[in-house]
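Protein chains in written order, with this note's numbering: chain A, 9 to 282; chain B, 9 to 282. So the structure is just underneath, and the comments pick up after that.
There are 2 protein chains.
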Amino acid sequence: MGGSLGLALRKREAPWRVVGWNRSAEPLAHAVRIGAVECACASVAELAAQSDLMVVALPPDRVAPTLADVKPFLREGAVATDVAGAKARIVREATGLLGAAFVGGHPMAGCERSGIEAADADLYAGATWILTPTETTSGEALAQVEELVRAVGARPFVCDAAEHDRWIAACSHLPHVLAYGLAQAAESAGVPTGVAAGSFRDGTRVAAADPVAWAGILLDNAHEVVRALDGMTVWLGAARDAIACRDHNRLSRLLAEAHAAKESLGQDDPRVNG
Amino acid sequence: MGGSLGLALRKREAPWRVVGWNRSAEPLAHAVRIGAVECACASVAELAAQSDLMVVALPPDRVAPTLADVKPFLREGAVATDVAGAKARIVREATGLLGAAFVGGHPMAGCERSGIEAADADLYAGATWILTPTETTSGEALAQVEELVRAVGARPFVCDAAEHDRWIAACSHLPHVLAYGLAQAAESAGVPTGVAAGSFRDGTRVAAADPVAWAGILLDNAHEVVRALDGMTVWLGAARDAIACRDHNRLSRLLAEAHAAKESLGQDDPRVNG
């Protein structure tokens, strides 16, 4: 995420000098080599002392501890944001540390691969980038992060952190759980490879993602993921019963409602600020 | 399905003369215009009287009645096959009617659109085409249908009808039900369009398919679809409990097993006869 951001800013000649820091020396050296950062900092304190806008592109459980580490070194008026996939807890903790200067963020882009080797200057082009300011976030801080988002070709979308977590549970975390479950179902049924067609390939694509990392992502939004799974299970139960009863009308109605939902979600949402 | 087959046979200059029949005049005339058939028959009896190999590309509930209609007109040694997505019932009924001359078939290809307007000469290129002969099917009949399958660039895959239905429930019918359910889940959670990312797009792609047609397809394989849904629900319940208990180890293990299943299903199966 961080590597792609650096590459995108430099490729698009954004008006920032990009400096970077990483706990491990090798990925940081790699980032310098590929031009994702202009300059590598020796410590997070050194980075903080140079930064007007700091993007914490670390695993979710490292965001608040890292902000606590850098807090004493932050410049006057500096702004911080993150890219973690669950927002309510991080926003609460980070706002507790930095107050008006923190803006929660979540770019809706990524791929199955991670690390600096997977860095891609076009990762964010055309993507929605969710921002979750609170009542205490300063308008100036939000404006700066929005400027960053637009600078890499993404579209800022401002919403509440809790709302974000509920949406993401339904439209990102749930499809990942379903993809893993579908792969397991095919294995359990003894399906040979050549038999599985397009619906299976598409439905399991994201089961190629790292399972340990995804366990962490799902647990980080556990409350909303459980809620989404419970809703899904109720719906699947209704479909199952209609099938078991050979009730064509009831089943058609269920599928038709879902089909309409799919069609309407295919439209552009006016709230996405292009 | 029928239109694409005709186009493919003619594009690849297969050694058959392709004649066609349809209950409705307009799609049949369209098939002649685009060259999917060389000649349109006025009745199914006329078609049967001219055919050495008859492909019944009709909705599942029309296959056996149509075979009953054509039976009195079939030529000596003629072979019949179908393309329906559930096989056990159709194979039982059709074998009851035609004995050794019927070979159940199911090409693993298709798209969200249907009808002669969606006909595509390359639909079957590289696809697996399942064939489900019984103990009474003649080897000659099977060989003829295999020749047809290879003539349109597909790969014949011979298996038992009941086995086919179990596999298809898991790797085609289940992903369709999940796609509809996922679209409904996103709608219920109030997800705005721009927020849904790649995992949602892929996971719901097939929910664009016609819901009434899909209700019929699912009901046609009801027993196995219910079984697949029950298995999926058990797995989702296990994942849900691991998430609710914040049990990272248990959740990682579940996802890792499913991830391995996905990886192994990504390999080519030696049983697919290229």
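Beta carbons: idealized from backbone N, C-alpha and C, even for Gly.
### Task
List the DSSP bridge partners of residue 87 of chain A.
A/61
#### Entry: beta-carbon residue 82 of chain B near the ligand FMN non-hydrogen atom, thresh 7 angstroms
Within the structure as shown, the ligand FMN is missing, as the structure has no ligands at all.
### Task
Name the two residues that bound the continuous beta strand (DSSP E) containing residue 115 of chain B.
110–115
#### Entry: Residues near residue 18 of chain A in its chain [Cβ-Cβ closer than 7 angstroms; skip 5 each side]
26, 43
### Message
Rounded to whole angstroms, what is the Cα-Cα separation between residue 146 of chain B and residue 122 of chain B?
### Response
32 angstroms
### Task
Specify the secondary structure class of residue 142 of chain B as computed by DSSP and reduced to three states.
coil
### Task
Quick one: using the 10 Å Cβ neighbour count with 16 as the cut-off for buried, is residue 257 of chain A buried or exposed?
exposed
### Query
Which partner residues does residue 163 of chain A have in the DSSP bridge list?
A/136
### Task
Check the Cβ-Cβ distances between residue 91 of chain B and every residue of chain A, and say whether any is below 8 angstroms.
no
### Rounded straight-line distance, which links the Cα of residue 219 of chain A to that of residue 73 of chain A
24 angstroms
### Query
At least one CB of chain A closer than 8 angstroms to the CB of residue 9 of chain B: is that the case?
no
### Message
Rounded to whole angstroms, what is the Cα-Cα separation between residue 68 of chain B and residue 244 of chain B?
### Response
31 angstroms
### Query
How many Å lie between residue 192 of chain A and residue 247 of chain B at the Cα?
12 angstroms
### Message
Does the structure place the region 226–236 of chain A close enough to the region 200–208 of chain B that three or more beta carbon pairs sit under 8 angstroms?
### Response
no
### Query
Rounded C-beta distance between residue 109 of chain B and residue 83 of chain B? I'm assuming under 8 angstroms.
That pair is no contact at about 10 angstroms.
### Message
Less than 8 angstroms between the beta carbons of residue 354 of chain B and residue 71 of chain B, yes or no?
### Response
There is no way to answer for residue 354 of chain B, as the model of chain B reaches only from 9 to 282.
#### Entry: 6 angstroms CB neighbourhood of residue 129 of chain B in its chain, flanking five on each side removed
15, 16, 19
#### Entry: Under 9 angstroms (Cβ pairs) to chain B, residues found in the region 116–140 of chain A
116, 117, 118, 119, 135, 136, 138
### Query
Using a Cβ cut-off of 8 angstroms, which residues of the region 175–192 of chain A contact any Cβ in chain B, in chain order?
175, 176, 177, 178, 179, 180, 182, 183, 184, 185, 186, 187, 188, 189, 190, 191, 192
### Task
Establish whether the CB of residue 219 of chain B and some CB of chain A are separated by less than 8 angstroms.
yes
### Message
residue 59 of chain B and residue 39 of chain B - do their beta-carbons sit closer together than 8 angstroms?
### Response
no
### Task
Give the residues of chain B in contact with residue 273 of chain A, contact being defined as C-beta atoms less than 9 angstroms apart.
191, 194, 195, 199, 200, 201, 204, 208, 212
### Task
Could you tell me which residues DSSP puts in a beta bridge with residue 11 of chain B?
Answer is none; residue 11 of chain B lacks a bridge partner.
#### Entry: Option in B/105, B/61, B/33 with minimal Cα separation from residue 79 of chain B
B/105
### Task
Could you tell me whether the Cβ of residue 277 of chain B comes closer than 8 angstroms to any Cβ of chain A?
Confidence at residue 277 of chain B is low in this model, with a pLDDT of 44, below 50, so its placement is unreliable and no value can be given for it.
#### Entry: Assigned secondary structure, residue 28 of chain B (DSSP; H/G/I helix, E/B strand, else coil)
strand
#### Entry: Short Cβ contact (8 angstroms threshold) for residue 266 of chain A with residue 215 of chain B
yes
### Query
Sorted by chain position, which residues of the same chain lie with C-beta nearer than 7 angstroms to residue 212 of chain A's C-beta, five sequence neighbours on each side aside?
187, 190, 191
### Message
Does residue 179 of chain A pass the burial test, meaning 16 or more other C-beta atoms within 10 Å, or should it be called exposed?
### Response
buried
#### Entry: Residue-chain proximity (residue 13 of chain A, chain B), Cβ-Cβ < 8 angstroms
no
### Query
Do you know how far the Cα of residue 89 of chain A is from the Cα of residue 149 of chain A?
9 angstroms
### Message
On the DSSP bridge list, what partners appear for residue 47 of chain A?
### Response
A/27
### Message
Please report the distance separating the alpha-carbon of residue 49 of chain A from that of residue 96 of chain A.
### Response
30 angstroms
### Of the residues A/52, A/11, A/274, the one placed nearest residue 132 of chain A, counting alpha carbons only
A/11
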